[in-house]
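Structure first, then comments.
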Amino acid sequence: MSDTRAAEALNAIAAFQSYGVNVTIKFLGHPDDRFDFTGGIDTQLLEDQISHYSSWAHEIITHNAAGEYGHYAHQSIHTVVHRVYPQSWNITYQEKPNFQNAAWVVPLDSTYRERKLHIFRDCYRSQQILWDKMPQLMRWAFFRESEVFIKKLHL
Numbered sequence: 142m143s144d145t146r147a148a149e150a151l152n153a154i155a156a157f158q159s160y161g162v163n164v165t166i167k168f169l170g171h172p173d174d175r176f177d178f179t180g181g182i183d184t185q186l187l188e189d190q191i192s193h194y195s196s197w198a199h200e201i202i203t204h205n206a207a208g209e210y211g212h213y214a215h216q217s218i219h220t221v222v223h224r225v226y227p228q229s230w231n232i233t234y235q236e237k238p239n240f241q242n243a244a245w246v247v248p249l250d251s252t253y254r255e256r257k258l259h260i261f262r263d264c265y266r267s268q269q270i271l272w273d274k275m276p277q278l279m280r281w282a283f284f285r286e287s288e289v290f291i292k293k294l295h296l
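In my numbering, the protein residues as written are 142 to 296.
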């Protein structure tokens with residue numbers, strides 16, 4: 142992960158924590174290159190690195206199989222996390238998610254949605270181009286009334 146993206150992520154985590162959200166992030170030294178079609182991830186190394194997380198993580202949430210928006214590294218991470226932790230949750234941005242596989246729906250009031258949007262805009266300055274490139278995904282990510290996580294994603 143680039144120094145910029147790492148700094149942005151740390152700032153975002155600090156902002157969420159300032160709002161009382163109990164969240165942890167770990168950087169494992171893998172590249173974050175969306176255009177590396179292999180995902181840029183050493184999957185065996187990643188598997189070794191995450192194999193002990195269940196000893197301290199209450200819930201494990203990872204990228205969905207599509208990598209949210211086709212990000213190859215996110216797809217690789219999804220595959221490895223589910224190999225190690227089959228019961229981990231997937232982020233979903235589907236308009237109408239398939240709830241038959243134990244959906245975890247977290248309602249978001251307007252205050253939380255505003256905070257989430259401010260955190261993104263304030264902390265992820267390098268990612269602002271996403272509003273132009275993927276407006277539908279960004280609207281869904283920031284203006285829906287709940288976060289939806291699922292155990293198995295049926296595409």
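Don't be surprised by glycine CBs; every beta carbon is placed ideally from N, CA and C.
Please name the residue, chosen from the options, that lies closest to residue i on a Cα-to-Cα basis.
| i | options | result |
| --- | --- | --- |
| Thr252 | Ile260, Val246 and Trp245 | Ile260 |
| Lys274 | Ile154, Leu151 and Gly211 | Gly211 |
| Ala155 | Phe283, Pro276 and Cys264 | Cys264 |
| Gln228 | Tyr213, Asn163, Trp245 and His215 | Trp245 |
| Asp183 | Gln216, Asp144 and Ile291 | Gln216 |
Can you list, in chain order, the residues of its chain whose CB lies under 8 Å from that of residue i, leaving out five sequence neighbours each side?
| i | result |
| --- | --- |
| Pro248 | Glu286 and Ser287 |
| Lys257 | Leu249 and Phe283 |
| Arg262 | Gln269 |
Measure the CB-CB distance between residue i and residue j and report whether it falls below 8 Å.
| i | j | result |
| --- | --- | --- |
| Glu149 | Ser267 | yes |
| Ile201 | Tyr226 | yes |
| Ser164 | Ile191 | For the sequence presented, residue 164 should be read as Val rather than Ser. In this structure, Ile191 does not lie closer than 8 Å to Val164 by Cβ. |
Who are the Cβ neighbours of residue i in its own chain at under 6 Å, not counting the five residues just before and after it?
| i | result |
| --- | --- |
| Pro172 | Gly181 |
For residue i, I'd like the list of residues in its chain whose CB is within less than 7 Å of its CB, leaving aside the five on either flank, ordered along the chain.
| i | result |
| --- | --- |
| Thr279 | Checking the sequence, you will find Met at residue 279 rather than Thr. Leu271 and Trp272. |
Throw me the rounded Cβ distance for the residue i and residue j pair, which I believe falls under 8 Å.
| i | j | result |
| --- | --- | --- |
| Ala153 | Phe168 | Not quite, the Cβ-Cβ distance comes to about 13 Å (not below 8 Å), so this is no contact. |
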